[in-house]
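Student: Attaching a single structure in structure tokens format; questions to follow.
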Amino acid sequence: MSSALEEKAKFEHRFWLQVLGDHARSRFIYEALAPVEKEDIATSYQFIQTFDRLLGKTDSENWSQLTLSAEAEALRLRD
Numbered sequence: 125m126s127s128a129l130e131e132k133a134k135f136e137h138r139f140w141l142q143v144l145g146d147h148a149r150s151r152f153i154y155e156a157l158a159p160v161e162k163e164d165i166a167t168s169y170q171f172i173q174t175f176d177r178l179l180g181k182t183d184s185e186n187w188s189q190l191t192l193s194a195e196a197e198a199l200r201l202r203d
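Under our numbering, the first residue of the sequence shown is numbered 125, with each subsequent residue one higher.
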């Protein structure tokens with residue numbers, strides 16, 4: 125992968141994984157849940173961990189694998 129293309133891919137992955145993590149960690153979901161919604165809180169927390177982990181791999185992960193993993197998790201969050 126060319127250096128310029130790699131830098132653009134890193135930027136895109138960092139940006140979108142941060143956005144997805146923010147949505148899961150919520151200012152949108154996690155903090156908006158009532159304390160009695162324990163299962164949803166646990167699910168949201170798992171997404172926080174997952175997107176933070178993927179975000180941490182943007183400098184070292186195989187791009188194809190990172191893209192597939194990020195897409196799969198984004199689709200799970202959407203569902």
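For glycine and all other residues, C-beta sits at the position ideal for the given N, C-alpha and C.
#1: Classify Leu157 as helix, strand or coil using the three-state DSSP reduction.
#2: Could you check whether the region 176 to 189 touches the region 153 to 161, counting it as contact only if at least three pairs of C-beta atoms, one from each stretch, sit closer than 8 Å?
#3: Return helix, strand or coil for Asp188, following the three-state DSSP convention.
#4: What's the gap between the Cα of Ser127 and the Cα of Phe139?
#5: Can you look up Ser127 in the DSSP assignment and give me helix, strand or coil?
Tutor: To lay it out plainly:
#1: Three-state result, Leu157: coil.
#2: no
#3: Checking the displayed sequence, the identity of residue 188 turns out to be Ser instead of Asp. Helix at Ser188.
#4: Just so you know, the alpha carbons of Ser127 and Phe139 end up roughly 18 Å apart.
#5: helix
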